[in-house]
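K.L.:
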Amino acid sequence: MVAGFYICQEYRDILDQDAETGQIQAECSKEVQLMMSTYESSINWSFFRILHTSQHLLSLRFKHIHIPAGKEEVLIEKFPIYGRMLAFHLKKALQRKMLLQQAEETLLDIFYKLLPATFINEMFYYLIVV
Numbered sequence: 008m009v010a011g012f013y014i015c016q017e018y019r020d021i022l023d024q025d026a027e028t029g030q031i032q033a034e035c036s037k038e039v040q041l042m043m044s045t046y047e048s049s050i051n052w053s054f055f056r057i058l059h060t061s062q063h064l065l066s067l068r069f070k071h072i073h074i075p076a077g078k079e080e081v082l083i084e085k086f087p088i089y090g091r092m093l094a095f096h097l098k099k100a101l102q103r104k105m106l107l108q109q110a111e112e113t114l115l116d117i118f119y120k121l122l123p124a125t126f127i128n129e130m131f132y133y134l135i136v137v
């Protein structure tokens, strides 16, 4: 509820009835505010925006950027509640980035002698966007 993710009505009712959830919601709210104000320096997006962006769009955003390994521990330390979710999301986006690069290389190897360069560029664009 605090981070803007969907929670089914059954769990919302439980959260509304439980008195201890107020403290947890306050901690979550503080961490969400921290995520909104903390930015990934390489793409200038807040970590909150990264968490809500699809992995495909993140992989396109990271296409020409090298993200160093070992960033997961830093995220988990900085964001104790949402850090693991954020690290997993970034890891999957970087894996998708690698798949996109491999697909581009494979298509280029197959078609570079057979088709004009403009057609190959349009095909890459179509495969990435659609």
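Residues in the sequence shown are numbered consecutively from 8, following my numbering. Just so it is clear, CB atoms sit at the ideal spot from N, CA and C, and this is done for glycine as well. Bear in mind that the values here come from a model prediction, so they are computed numbers and not experimental data.
1) Under a Cβ-count criterion, where at least 16 other Cβ atoms within 10 Å of its own Cβ denotes burial, should tyrosine 13 be classed as buried or exposed?
2) So, with DSSP's three-state summary, where would you put serine 53?
3) Spatial neighbours of leucine 107 within its chain, please: C-beta separation below 8 Å, excluding the five flanking residues on both sides.
4) What is the rounded straight-line gap between the Cα of isoleucine 88 and the Cα of alanine 100?
5) CA-CA distance, lysine 78 and aspartate 116?
6) Going by the beta-carbon positions, is the gap between glutamate 47 and phenylalanine 54 smaller than 8 Å?
7) Since glutamate 38 and phenylalanine 86 should fall inside the 8 Å C-beta cutoff, what is the C-beta to C-beta distance between them, to a whole number of angstroms?
8) Please list the segments of the alpha helix (DSSP H) lying wholly inside the segment 78–118, counting only runs of 4 or more residues, in order along the chain.
P.N.:
Put simply:
1) Counting Cβ neighbours within 10 Å, tyrosine 13 comes out exposed, since fewer than 16 surround it.
2) Residue state, collapsed to three classes: strand.
3) Contacts found: Ser66, Leu67, Lys70 and Ile135.
4) Between isoleucine 88 and alanine 100, the C-alpha separation is close to 20 Å.
5) Going by the C-alpha atoms only, they are around 33 Å apart.
6) Result yes, Cβ atoms of glutamate 47 and phenylalanine 54 sit closer than 8 Å.
7) About 6 Å; that satisfies the 8 Å criterion.
8) Runs of the alpha helix (DSSP H) inside the segment 78–118: 78–85 and 90–118.
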